[in-house]
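Residue numbers (my numbering): 31 to 402. Virtual Cβ for every residue (Gly too), placed ideally from N, Cα, C.
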């Protein structure tokens with residue numbers, strides 16, 4: 031169904047807000063002057079390009095191609111910082127390293143589907159946006175809300191932050207899902223599974239971004255808005271953060287763990303031993319651990335901080351009904367958020383018990399998210 035396109039009615043439904051156009055106008059001016067422009071995208075697997083058959087057909091690359099053609103500027107570069115099955119909490123901890131270090135002039139943020147796994151969505155998402163906006167008073171930020179096959183997402187938790195910071199926002203869900211629910215569009219026309227857009231779906235997201243840019247071109251000039259105070263009380267704790275993977279953890283004791291590649295380019299700790307133990311020291315008041323879940327021979331572990339009660343970590347991913355996806359994603363588990371100042375010890379101990387459907391004790395610790 032390659033003739034499917036975003037209509038004016040669909041765009042008006044999907045146009046959540048134009049926001050304050052001042053940053054976009056500065057971006058457009060830079061594009062028209064033929065200067066180098068870096069377009070950075072952060073999000074989950076949809077941003078990474080899942081469902082598209084080649085890199086050029088991902089919505090990020092399609093939108094960059096339109097920017098080059100429309101503004102006659104071949105100097106538009108792309109930094110795609112999408113990581114599959116990741117949420118905006120992880121994004122708030124990695125955005126400096128993976129995206130802002132490239133000094134993007136334009137950023138799109140896409141986490142509306144994956145923030146179903148976020149233990150602190152509103153505050154973490156706001157923190158991510160603040161970091162993007164703080165990069166430069168000229169950095170333009172656009173928010174994108176995608177969806178699953180049932181039209182579900184977390185945009186209701188994202189839109190308040192977008193409104194607070196006066197950002198342009200589009201909703202692929204609001205634009206397209208009414209057509210799906212009315213059977214004017216069949217889901218399989220735009221997606222090969224339950225979440226990811228196919229080539230056509232990626233094109234529809236690009237078309238929404240294009241139509242948003244075209245409308246923003248026509249709105250009157252505006253005075254840039256200063257960065258407002260926090261919207262969510264918990265956002266401040268994500269200002270001073272760090273991410274520790276196996277290459278940067280301070281190891282006190284290691285019995286049975288080896289280092290190796292983890293998802294997203296990070297180095298993790300892996301084991302297959304039910305008796306493996308790892309102890310590391312860290313200094314933070316807030317700690318989240320990221321561990322792989324997979325529908326294979328993965329086991330369970332206990333994570334204990336100092337003398338606090340342990341937290342069970344499940345490595346086995348139980349497939350959803352009528353869904354063959356086997357996982358392989360990194361699940362974030364909150365271990366503590368009120369630790370006293372100073373250093374603490376985290377102990378991860380593998381368990382002999384495991385999920386009934388698992389036949390082994392594999393485990394993969396990806397990283398620690400630490401906040402002061």
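Can residue 199 be considered in contact with the ligand GTP, in the sense that its beta carbon sits closer than 7 Å to one or more heavy atoms?
-> Absent from the structure shown: the ligand GTP. Ligands present: none.
According to DSSP, is residue 101 helix, strand or coil?
-> Counted from its first residue, the chain shown places residue 101 at position 71. Residue 101: coil per DSSP, three-state reduction.
Using alpha carbons as the reference points, say which of 36, 170, 150 lies closest to residue 139.
-> If you number the chain shown from 1, residue 139 lands on position 109. That would be 170, whose Cα lies nearest to the Cα of residue 139.
For residue 165, which residues of its own chain have a beta-carbon under 6 Å away from its beta-carbon, when the five flanking residues on both sides are left out?
-> In the chain shown, the residue the question calls residue 165 occupies position 135. The residues are 130.
Residue 208 lies in the alpha helix (DSSP H); which residues open and close that run?
-> Counting from one through the chain shown, the residue named residue 208 turns up at place 178. Unbroken alpha helix (DSSP H) run through residue 208: 202-211.
For residue 110, the three-state DSSP class (helix, strand or coil) | Taking the first residue of the chain shown as 1, we reach residue 110 at position 80. DSSP places residue 110 in strand when its eight states are reduced to three.
Taking buried to mean at least 16 other C-beta atoms within 10 Å of its own C-beta, is residue 204 buried or exposed?
-> Looking up residue 204 in the chain shown gives position 174. Buried: at least 16 other Cβ atoms inside 10 Å.
Delimiting residues of the beta strand (DSSP E) encompassing residue 400 | Here residue 400 corresponds to residue number 370 of the chain shown, with the count starting at 1. Element bounds for residue 400: 393-401.
One or two residues paired with residue 317 in a DSSP bridge = Within the chain shown, numbered from 1, the residue matching residue 317 stands at position 287. For residue 317, which the question treats as bridged, DSSP gives the partners 366, 400.
What residues in its chain sit with their C-beta under 8 Å from that of residue 11, if we drop five residues either side in the sequence?
-> Summary: the structure shown does not reach residue 11, with the chain confined to residues 31 through 402, and so no result is reported for it.
In this structure, does DSSP put residue 348 in helix, strand or coil?
-> In the chain shown, residue 348 corresponds to position 318, counting from 1. Three-state result, residue 348: coil.
Going by other Cβ atoms of all chains shown within 10 Å of its Cβ, with 16 needed for buried, is residue 342 buried or exposed?
-> Locating residue 342 in the chain shown gives position 312, where the first residue counts as 1. So residue 342 ends up on the exposed side.
CB contact check: residue 192 to chain C, cutoff 8 Å = In the structure shown, chain C does not exist; there is a single protein chain.
Where residue 391 and residue 304 are concerned, what is the direct C-alpha to C-alpha distance, given to the nearest angstrom?
-> The residue you call residue 391 lines up with position 361 of the chain shown. The residue you call residue 304 lines up with position 274 of the chain shown. When rounded, the distance between both Cα atoms is 6 Å.
Determine the extent of the beta strand (DSSP E) in which residue 137 is found, giving its start and end residues.
-> On the chain shown, residue 137 is found 107 positions in, with the first residue counted as 1. Its beta strand (DSSP E) spans residues 136-140.
Taking just the CA atoms, how far does residue 247 sit from residue 321?
-> As a first step, residue 321 is located in the chain shown; it is residue number 291 there, counting from the start. As a first step, residue 247 is located in the chain shown; it is residue number 217 there, counting from the start. Rounded to whole angstroms, residue 321 to residue 247 spans 44 Å at the Cα level.
Which partner residues does residue 93 have in the DSSP bridge list?
-> Position 63 of the chain shown holds residue 93. Looking at the DSSP assignment, residue 93 forms no beta bridge with any residue, so it has no partner.
Find the nearest neighbour of residue 307 within the set 188, 35, 287, judged by alpha-carbon distance.
-> The residue labelled residue 307 in the question sits at position 277 within the chain shown. The shortest C-alpha separation from residue 307 is found at 287.
Kindly indicate which three-state DSSP category residue 268 falls into: helix, strand or coil?
-> As a working note, residue 268 is residue 238 in the chain shown. Three-state result, residue 268: helix.
Beta-carbon proximity list for residue 179, same chain, < 6 Å, skipping 5 on both sides = In the chain shown, counting from the first residue as 1, residue 179 sits at position 149. Excluding positions up to five away in sequence, the list reads 217, 224.
Work out the CA separation of residue 52 and residue 46 for me, nearest whole Å.
-> Start at 1 with the first residue of the chain shown, and residue 46 comes out as number 16. Start at 1 with the first residue of the chain shown, and residue 52 comes out as number 22. Each residue's Cα considered, the two are about 17 Å apart.
Bounding residues of the alpha helix (DSSP H) (the contiguous stretch that carries residue 121) | For the purposes of this step, residue 121 is taken as residue 91 along the chain shown, with counting starting at 1. Segment 118-128, the alpha helix (DSSP H) holding residue 121.
With residue 111 and residue 72 assumed to form a contact (beta carbons below 8 Å), what rounded beta-carbon distance in angstroms separates them?
-> By one-based count along the chain shown, residue 111 stands at place 81. By one-based count along the chain shown, residue 72 stands at place 42. Indeed they touch by this definition, with Cβ atoms about 4 Å apart.
Residue 69: first and last residue of the uninterrupted beta strand (DSSP E) it sits in | For this step, residue 69 is matched to residue 39 along the chain shown. Element bounds for residue 69: 67-73.
Where does residue 244 sit, in a helix, a strand or coil, going by DSSP?
-> Residue 244 sits at position 214 when you count from the first residue of the chain shown. In this structure, residue 244 counts as helix in the three-state DSSP scheme.
Alpha-carbon spacing of residue 102 relative to residue 64, whole angstroms = Walking along the chain shown from the start, residue 102 turns up at place 72. Walking along the chain shown from the start, residue 64 turns up at place 34. Roughly 7 Å between the two C-alpha positions.
Counted within 10 angstroms of its Cβ, other Cβ atoms place residue 31 as buried (16 or more) or exposed | One-based indexing of the chain shown puts residue 31 at position 1. For residue 31, the predicted model reports a pLDDT of 49, less than 50, meaning its position is unreliable; a value from the coordinates is still stated below. Exposed: under 16 other Cβ atoms inside 10 Å.
Could you tell me which of 361, 348, 349, 400 sits nearest to residue 373, measuring between CA atoms?
-> One-based indexing of the chain shown puts residue 373 at position 343. Of the candidates 361, 348, 349, 400, the one whose C-alpha sits nearest the C-alpha of residue 373 is 400.
Are three or more beta carbon pairs between the region 375-389 and the region 351-360 nearer than 8 Å?
-> no
Exposed or buried, which one is residue 186 when buried takes at least 16 other CB atoms within 10 Å?
-> Along the chain shown, one-based indexing puts residue 186 at 156. That one is exposed.
Exposed or buried, residue 60, counting other C-beta atoms within 10 Å across all chains shown (16 or more means buried)?
-> Taking the first residue of the chain shown as 1, we reach residue 60 at position 30. Under this definition residue 60 is a buried residue.
Beta carbon of residue 335, beta carbon of residue 365: below 8 Å?
-> Here residue 335 corresponds to residue number 305 of the chain shown, with the count starting at 1. Here residue 365 corresponds to residue number 335 of the chain shown, with the count starting at 1. In this structure, residue 365 lies closer than 8 Å to residue 335 by Cβ.
Determine the direct distance from the alpha carbon of residue 214 to that of residue 271, and round the result to whole angstroms.
-> Counted from its first residue, the chain shown places residue 271 at position 241. Counted from its first residue, the chain shown places residue 214 at position 184. The alpha-carbon atoms of residue 271 and residue 214 are separated by roughly 46 Å.
Under 8 Å between C-beta atoms of residue 318 and residue 363 | Residue 318 sits at position 288 when you count from the first residue of the chain shown. Residue 363 sits at position 333 when you count from the first residue of the chain shown. Yes, the pair counts as a contact, with Cβ atoms nearer than the cut-off.
Hey, which unbroken runs of the beta strand (DSSP E) at 3 residues or more fall wholly within the region 322-348?
-> 330-335, 341-344
Report the residue from 115, 96, 55 whose alpha carbon sits nearest the alpha carbon of residue 254.
-> Here residue 254 refers to the residue found at position 224 when the chain shown is read from its first residue. Of the listed residues, the one whose Cα sits closest to residue 254 is 55.
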